[in-house]
Amino acid sequence: MFFPISGVHLDPIYLILIGFIVGTLGGFFGVGGSFLTAPALFAVGLPMNFVVGTDLAHIVGKSIVAARTHRVLGNIDLKLAGIMVIGTIAGSETGVQAIELLKKVADVDLVVGSVSIIVFTGISLFCAWESWMTLRAKARTSSYPTLGKKQDSTAIDGFAKAVQRIKLAPTVSLPHSGIASISFWAILFVSFIGGVFSGFLGGGAGYIRMPSMVYLLGIPTHIAVGTDLFEIIISAGYGTVRHAMKGNVDIVIALIMQTGAALGARIGANLTQYFTGPRIRLAFAPLPLLGAIVIALRLLNSHH
Amino acid sequence: MKNVKKSTLFHLIIELTIYAVFVSVYLILVLHFLLDWLKELFTKQREVYAYVAILLMIGQAVGLERVTSILVHLTRRRTE
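Chain order of the listed sequences is S and Z. Using my numbering, read the first sequence as starting at 103 and increasing by one per residue. Using my numbering, read the second sequence as starting at 7 and increasing by one per residue.
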């Protein structure tokens, strides 16, 4: 089928299938899935500028569906999401400006690619180690507190508690996430860093925001997944409008992808209720590593 | 337990079938009516295109979610 906006021929079934796979992952892990969508669209001939913008547009639709399901399951902390949007948008702008600056002084693809590989591999190894330790501790120690699926614990709980002890005013309470008091600036910092990665590396940056919310702020995994998706709607929506104004969005491709993603996102979001936090984090661990491998292969290809 | 699994799988298959038919009809209609108009907007009024694009995406996401929820709910009531 011919798509006149981007001027390419693509198979709609292929687009629906990509949407479905990425939608399922997104609904379950609270990530946009750009590390899979971008190479999948680029491989079939969509120009890179359209890949970035169109992917963002489809992330908006998919996140709406997944976030609605998570809301029904009680996995969204609206207060937390509201604060995070501010940091994400500011961080995203900073990331975009950093790219523009980098264009003048270095090989952008090489720098961005190398940073992505280091960050993705680090997150992957850390998540795998931490969730494995938590699951082992739970299995070994009978005195370990028995938690429900939505209550959560990590192997580095002390770190999040230390962050919560920083009483830099103003402080906010997040009763839905079970946090009595936390500095507004700590939340803003985490979302700002996520935004920087989103602007710098593209996509929704859920791969860094979701683990940061769990490990740095102490948000239970289920609520981190749901809240991240809700927050992505606003930040990716903002990115979509900006990219569309620059002519980087083929909305017809995004709409077709979203039909598959909508179903996948519902399935993924519903699946979270059958898994505990550490198991979701353990399953999440290979995803950033997969992203790192895809980027490494792309870098190797472009240098040959 | 076996019955519950069978029932869940049955509901999933029904959901997928309804969804596939619904999406096919929807896509044919949307592509038929919107493709030329969107191309025109993209070329001539980029800012309007940007806002129309995000509204279409939000509308489709909310609409598809609502319709499939209703369809699945109705099917479950009939099969239970």
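Just so it is clear, CB atoms sit at the ideal spot from N, CA and C, and this is done for glycine as well.
Looking from the CA of S:TRP231, the closest CA among S:VAL316, S:ALA200, S:LEU384 and S:VAL198 belongs to S:LEU384. Residue ranges of uninterrupted alpha helix (DSSP H) with 4 or more members, entirely inside the segment 260-326 of chain S and ordered along the chain, are 286-303 and 308-314.
Z:LEU70 sits buried, since 16 or more C-beta atoms from the chains shown fall within 10 Å of its C-beta. Remark: C-beta atoms of S:ILE107 and Z:LEU44 approach each other more closely than 9 Å. For a cut-off of 8 Å, the C-beta gap from S:ALA140 to S:ASP113 is around 18 Å, too long to register as a contact. S:VAL213 carries a helical assignment under DSSP once its states are collapsed to helix, strand and coil.
Using a Cβ-Cβ cut-off of 9 Å, Z:VAL31 does not count as an interface residue toward chain S, since no Cβ of chain S sits closer than that to its own.
Using beta-carbon distances, S:HIS160 counts as an interface residue toward chain Z, with a partner under 9 Å.
In this structure, the beta-carbon distance from S:ALA338 to S:SER165 falls below 9 Å.
For S:PRO277, the number of other beta carbons within 10 angstroms of its own is below 16, and it is reported as exposed. The DSSP-derived three-state label of S:VAL207 is helix.
Taking CB atoms only, Z:THR74 has a neighbour in chain S less than 9 Å away. Look at the beta carbons and you see the segment 221-241 of chain S touching the segment 373-391 of chain S: at least three pairs across the two are nearer than 8 Å. For Z:ILE64, the residues of chain S that pass the 9 Å Cβ criterion are VAL162, GLY163, ILE166, ILE335 and GLY339, in the order they occur in the chain. In this structure, Z:GLN66 and S:LEU143 do not form a Cβ contact; the two beta carbons are roughly 19 Å apart against a cut-off of 8 Å. Straight-line measurement puts the Cα of S:ALA200 at about 17 Å from the Cα of S:HIS345. Three or more pairs of CB atoms, one per stretch, sit closer than 8 Å, so the segment 328-338 of chain S contacts the segment 174-185 of chain S. The alpha-carbon separation between S:SER314 and Z:HIS38 amounts to approximately 44 Å.
For Z:VAL27, no Cβ of chain S is located within less than 9 Å of the residue's own Cβ. Taking the beta carbon of Z:LYS50 as reference, no residue of chain S falls within 9 Å; the closest one sits roughly 12 Å away. DSSP assignment within the segment 9-54 of chain Z yields no whole beta strand (DSSP E) run of 3 residues or more. By the rule that beta-carbons nearer than 9 Å mark a contact, S:VAL153 does not touch chain Z.
Using a CB distance below 7 Å, the part of the segment 355-378 of chain S facing chain Z consists of ALA356, LEU357, ILE358, GLN360, THR361, ALA364 and LEU365, ordered along the chain. Apart from the 5 residues on each side of it in sequence, S:ASN350 sits with its Cβ closer than 7 Å to the Cβ of ASN151, PHE152, VAL154 and GLY155 in its chain, given in chain order.
In the DSSP assignment, S:PHE131 is bridged to no other residue.
For the pair S:VAL396 and S:SER216, the Cα-to-Cα distance works out to about 12 Å. Looking only at S:VAL274, S:ILE310 and S:GLY280, the smallest Cα-Cα distance to S:GLY184 is reached by S:VAL274. Within 10 angstroms of the beta-carbon of S:TYR309 lie 16 or more other beta-carbons, which makes it buried. DSSP, read as helix, strand or coil, puts S:PHE104 in strand. Restricting attention to alpha helix (DSSP H) runs no shorter than 4 residues, the segment 110-171 of chain S encloses them at 114-131 and 136-145, ordered along the chain. Nearest C-alpha to S:VAL316 among S:LEU303, S:ALA288, S:VAL210 and S:GLY306: S:ALA288.
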